[in-house]
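Trainee: Here it is, the structure in full.
Chains as they are written, first to last, in this note's numbering: chain A, 1 to 281; chain B, 1001 to 1317.
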């Protein structure tokens, strides 16, 4: 188990990786990636029992599925920093012939990625399928997934939510990144999501909330609670409240940085706010 | 001229059900998913015998495709079952991203394809599904001709690694291929040797092609008849070899002439051996309500039209 400072150092380095990847190709999605850095670092470094040598079936391992694939810079960084592939490969992000496609894919054979995502709304169904396979295989490991809050506007999500509860898929912990932002504005303005806790509960899920989703200690506490709730005949939903662009002050609190790359000066400013901890690629 | 015997009309969907029942017993990695059409897809036996490996997903086809993709992660071989329309058009993006692009070993099994769903009409009939599926990189597309072949194909695709679209239908049609035949994905089957015209057919129109060959024979025309059960990958060799001899070709399918078998054959011939071709297929139209027999007659998907098109294409040599 890593100590808190190690996790925080990893988060700072992951933030550097995110802004550098997006800056290098002048495209990609820094806002949501930065918002989920603390969560994914904590999940991979503290909670998941996973094997960086990677095989697709992932038997007897915890598995993670990223449903909102546009935040690829953060998952690429977290996977690389956990030994799935060389950190230097982050420099190929979104470039021709790279395994690090704009949105994650199995097609290029990147270790750590088990499903393509990008077209939204599909990841919860896939996570359910993987969870059902674990049950059939008498494999007691857990399936984790991450979804954007805007992504919940896709109808397929609610097909999945209904299915998981009706079929007691209780080895599944789905986290919703509640940052309140989507491309065209706030989720309230674009299509109000209403009371998410009440919605998931009405569908039969165990729901818990991590109010400060950019605080490592709060995430650890929330995740421990989520895991303790698993295997109780209900799927689990974590409403993770994050700040889009967290850790880079000028990117925070606005949907403007959903899918925009920083220029040279902005990159330097972002890096200055996040001193190097584990070495850049 | 070789005679084929109809051992009794049977529905192809029951061939799928029988194949799935057999797979249930012999391959414990096979799992099945259905979107509220278990009876229509003849999945009841599998569901009853292997409840732990059968997933009723309800009227939620998109979720079904995603769950199927997820089940492959863990080594399962999922067979999804619903009508062809809801197996393809309704869930195209799910199949594209979570199955085809993600290289997942899912078998998409589609019943009630084409016009012969009958009275339900155009909302439930699909005449575009072969085109939709064959355009997906890595997707294998199979359209079987009778009960036996559907059963044999169902068994064969379980042993094949990769996404497969298996298309079959509702009505009872002639059952004439050998029981326990060795189904080879991607290999056309030479049914009848002939020199004047090549007829390649898929699905239950293969039987109509054989009927047409008989009528042509009586008119002094010898037809070379080929069963193309796998539309992708297409057995180009068997087609090219045949038209080298006959110099003209008719394709027959229960599908739109855009995007179907005929178009795949036309592309192959355009590249290798440009050949006069006629298309027995629907002509870019939606279907309508009617009995299967009425619909096949109205849209010209029968032996009579294959004969007519064969005579027509011979004049274009």
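A virtual CB, placed ideally from N, CA and C, is assigned to each residue, including glycine.
Could you tell me which residues DSSP pairs with residue 1233 of chain B in its beta bridges?
Mentor: Residue 1233 of chain B pairs with nothing; no bridge assigned.
Trainee: Compare the C-alpha of residue 1235 of chain B against each of B/1265, B/1248, B/1290 and name the closest.
Mentor: Minimum Cα distance to residue 1235 of chain B is reached at B/1265.
Trainee: Taking the beta carbon of residue 195 of chain A as the centre, do at least 16 other beta carbons fall within 10 Å, making it buried, or is it exposed?
Mentor: Per the 10 Å Cβ criterion, exposed.
Trainee: So is residue 228 of chain A buried or exposed if we call it buried at 16+ other beta carbons inside 10 Å?
Mentor: Flag for residue 228 of chain A reads exposed.
Trainee: Is the CB of residue 1093 of chain B under 9 Å away from at least one CB in chain A?
Mentor: Yes, residue 1093 of chain B counts as interfacial toward chain A.
Trainee: Going by DSSP, what residue range makes up the beta strand (DSSP E) through residue 175 of chain A?
Mentor: First-last of the beta strand (DSSP E) with residue 175 of chain A: 172–178.
Trainee: Which same chain residues, not among the five before or five after residue 1263 of chain B, have their C-beta less than 8 Å away from its C-beta?
Mentor: For residue 1263 of chain B, where only same-chain residues beyond five positions count, the Cβ hits under 8 Å are 1131, 1257.
Trainee: Of the residues A/271, A/33, A/268, A/231, which one's Cα is nearest the Cα of residue 134 of chain A?
Mentor: Comparing Cα positions, the closest option is A/231.
Trainee: At a cut of 8 Å, does the segment 230–250 of chain A reach the segment 168–176 of chain A through at least three beta carbon pairs?
Mentor: The segment 230–250 of chain A, when compared against the segment 168–176 of chain A, does touch it at the 8 Å Cβ threshold.
Trainee: Just the chain B side, please: which residues come within less than 7 Å of residue 106 of chain A by C-beta, in chain order?
Mentor: Residues of chain B passing the Cβ test: 1102, 1103.
Trainee: I want to verify the contact list: residues of chain C whose CB lies under 7 Å from the CB of residue 56 of chain A, in sequence order.
Mentor: Structure shown: chain C not included; protein chains present are A and B.
Trainee: Terminal residues of the continuous alpha helix (DSSP H) containing residue 47 of chain A?
Mentor: Run containing residue 47 of chain A: none; DSSP gives neither H nor E here.
Trainee: Residue 12 of chain A lies in the alpha helix (DSSP H); which residues open and close that run?
Mentor: Taken as a continuous stretch (DSSP letters only), the alpha helix (DSSP H) holding residue 12 of chain A covers 4–25.
Trainee: Give every residue of the same chain whose Cβ lies closer than 6 Å to the Cβ of residue 1222 of chain B, excluding the five residues on either side of it in the sequence, and list them in chain order.
Mentor: Excluding positions up to five away in sequence, the list reads 1194, 1195, 1196.
Trainee: If I'm right that residue 1154 of chain B touches residue 1019 of chain B with Cβ under 8 Å, what's the distance once you round it to whole angstroms?
Mentor: Indeed, because the Cβ distance is near 3 Å, the residues count as touching under 8 Å.
Trainee: Per DSSP, what kind of secondary structure is residue 1128 of chain B in: helix, strand or coil?
Mentor: Looking at residue 1128 of chain B - three-state DSSP - the assignment turns out to be coil, as it is neither helix nor strand.
Trainee: State yes or no: is the C-beta of residue 1084 of chain B within less than 9 Å of the C-beta of residue 1287 of chain B?
Mentor: Cβ atoms of residue 1084 of chain B and residue 1287 of chain B: not closer than 9 Å.
Trainee: Locate the beta strand (DSSP E) running through residue 1277 of chain B, then write down its first and last residues.
Mentor: Unbroken beta strand (DSSP E) run through residue 1277 of chain B: 1277–1282.
Trainee: For residue 255 of chain A, which three-state DSSP category applies?
Mentor: Helix.
Trainee: In terms of residues, what are the limits of the alpha helix (DSSP H) holding residue 1254 of chain B?
Mentor: Note, residue 1254 of chain B: premise wrong, no alpha helix (DSSP H); beta strand (DSSP E) at 1249–1256.
Trainee: May I ask you to list, following chain order, the residues of the segment 123–148 of chain A that have a beta carbon less than 9 Å from some beta carbon of chain B?
Mentor: Answer in chain order: 123, 124, 125, 126, 127, 128, 129, 130, 131, 132, 133, 134, 135, 136, 137, 139, 143.
Trainee: Taking residue 163 of chain A as the reference, give the member of A/191, A/132, A/148, A/57 with the closest Cα.
Mentor: The residue with the shortest Cα to Cα distance from residue 163 of chain A is A/132.
Trainee: In chain order, what residues of the same chain have a beta carbon less than 7 Å from the beta carbon of residue 1094 of chain B, not counting five sequence neighbours either side?
Mentor: Once the five neighbours on either side are set aside, the close Cβ partners of residue 1094 of chain B are 1062, 1065, 1066.
Trainee: Counting only Cβ pairs nearer than 7 Å, list the residues of chain B close to residue 159 of chain A.
Mentor: The contacting residues are 1060, 1062, 1063.
Trainee: Is the segment 108–121 of chain A in contact with the segment 4–24 of chain A, if contact means three or more CB pairs nearer than 8 Å?
Mentor: No: the two stretches stay apart, fewer than three of their Cβ pairs being nearer than 8 Å.
Trainee: Please classify residue 251 of chain A as buried or exposed, where buried requires at least 16 neighbouring CB atoms within 10 angstroms.
Mentor: Buried.
Trainee: Are residue 78 of chain A and residue 37 of chain A closer than 9 Å when you measure CB to CB?
Mentor: The answer is yes: Cβ separation under 9 Å.
Trainee: Can you give me, in chain order, the residues of the segment 1119–1135 of chain B that have a beta carbon less than 8 Å from any beta carbon in chain A?
Mentor: Flagged: no residues at all.
Trainee: Who pairs with residue 1082 of chain B in a beta bridge, going by DSSP?
Mentor: Its beta-bridge partners are B/1110.
Trainee: Less than 8 Å between the CB atoms is what I'm expecting for residue 1030 of chain B and residue 1158 of chain B, so what's the real figure, rounded?
Mentor: Contact holds; Cβ gap of about 6 Å.
Trainee: Grouping DSSP H, G and I as helix and E and B as strand, with all else coil, what is residue 113 of chain A?
Mentor: In this structure, residue 113 of chain A counts as coil in the three-state DSSP scheme.
Trainee: Are the CB atoms of residue 1190 of chain B and residue 1224 of chain B nearer to each other than 9 Å?
Mentor: In contact: residue 1190 of chain B and residue 1224 of chain B (Cβ atoms closer than 9 Å).
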